[in-house]
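Report on the structure given below.
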Amino acid sequence: GISPWLVFDADGNAEGEARRNHERDNRCLLNLCAYDPEQCFPASPIWGPSFAVWPETLPRSIKKEIGEQAWSRAAESARQAHGLPSSDVSAKNQLFLAATVEVLWNEPEQIQIALLSQLCQKILAHASRVETGAAEARDP
Numbered sequence: 002g003i004s005p006w007l008v009f010d011a012d013g014n015a016e017g018e019a020r021r022n023h024e025r026d027n028r029c030l031l032n033l034c035a036y037d038p039e040q041c042f043p044a045s046p047i048w049g050p051s052f053a054v055w056p057e058t059l060p061r062s063i064k065k066e067i068g069e070q071a072w073s074r075a076a077e078s079a080r081q082a083h084g085l086p087s088s089d090v091s092a093k094n095q096l097f098l099a100a101t102v103e104v105l106w107n108e109p110e111q112i113q114i115a116l117l118s119q120l121c122q123k124i125l126a127h128a129s130r131v132e133t134g135a136a137e138a139r140d141p
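In the working numbering, each number is its position in the sequence shown, counted from 1, plus 1.
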């Protein structure tokens with residue numbers, strides 16, 4: 002079978018109706034992960050055995066780690082390089098996010114984002130466990 006890895010942001014910065022909707026969705030996702038649904042708006046990232054949850058949005062979490070100035074500089078560079086106007090392209094847009102991270106990585110100081118590095122390590126470890134388990138199941 003397929004052993005998924007789930008990544009989502011809790012959108013803890015949302016207010017009003019949007020917050021209520023996120024609470025419902027977050028509880029559902031945490032239940033599916035067999036995790037305490039009361040943690041639907043965590044104060045820090047949650048690293049489960051096959052899931053990760055950001056407290057707010059991924060861009061906000063990255064900004065908190067590397068600083069507003071570094072993020073804003075890279076985001077503006079990514080927007081200009083790829084013609085992504087802020088009025089049309091959300092900061093949560095996957096392509097914009099990837100372009101911004103690429104700008105950070107390609108800067109002379111190669112700004113690395115520990116949050117994303119940890120996510121990659123967790124996903125690769127999960128895949129390795131799944132593959133090892135699948136190989137053991139095939140070998141008598």
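Where a beta carbon is used, it is the ideal one built from N, C-alpha and C, also for glycine.
List, from N- to C-terminal side, the alpha helix (DSSP H) runs of 4 residues or more that fit wholly inside the region 67-120.
If we require 4 residues or more, the alpha helix (DSSP H) runs fully inside the region 67-120 come out as 69-83 and 95-107.
Would you call the region 114-131 in contact with the region 70-81, where contact means no fewer than 3 C-beta pairs closer than 8 Å?
no
Under 8 Å between the Cβ atoms of ARG11 and PHE42?
The question names Arg, yet the displayed sequence has Ala at residue 11. Contact flag set, yes.
Test item: CB-CB of CYS29 and GLY49 under 8 Å
no
Using a Cβ-Cβ cutoff of less than 7 Å, which residues in the same chain neighbour HIS23 once the five nearest sequence positions on both sides are dropped?
ALA11, ASP12 and ALA15
Specify the secondary structure class of ARG139 as computed by DSSP and reduced to three states.
Because ARG139 sits at a pLDDT of 49, beneath the cut-off of 50, its placement in the model cannot be relied upon, and the following sentence gives the value as read from the coordinates. Helix, per DSSP.
Rounded to whole angstroms, how far is the Cβ of TRP6 from the Cβ of ILE124, which I believe are closer than 8 Å?
5 Å
Which of helix, strand or coil does DSSP assign to ALA15?
Here ALA15 sits in coil by DSSP.
For ILE63 versus LEU116, is the C-beta distance shorter than 8 Å?
yes
DSSP puts ASP10 in a beta bridge; with which residues?
Bridge partners of ASP10: TRP55.
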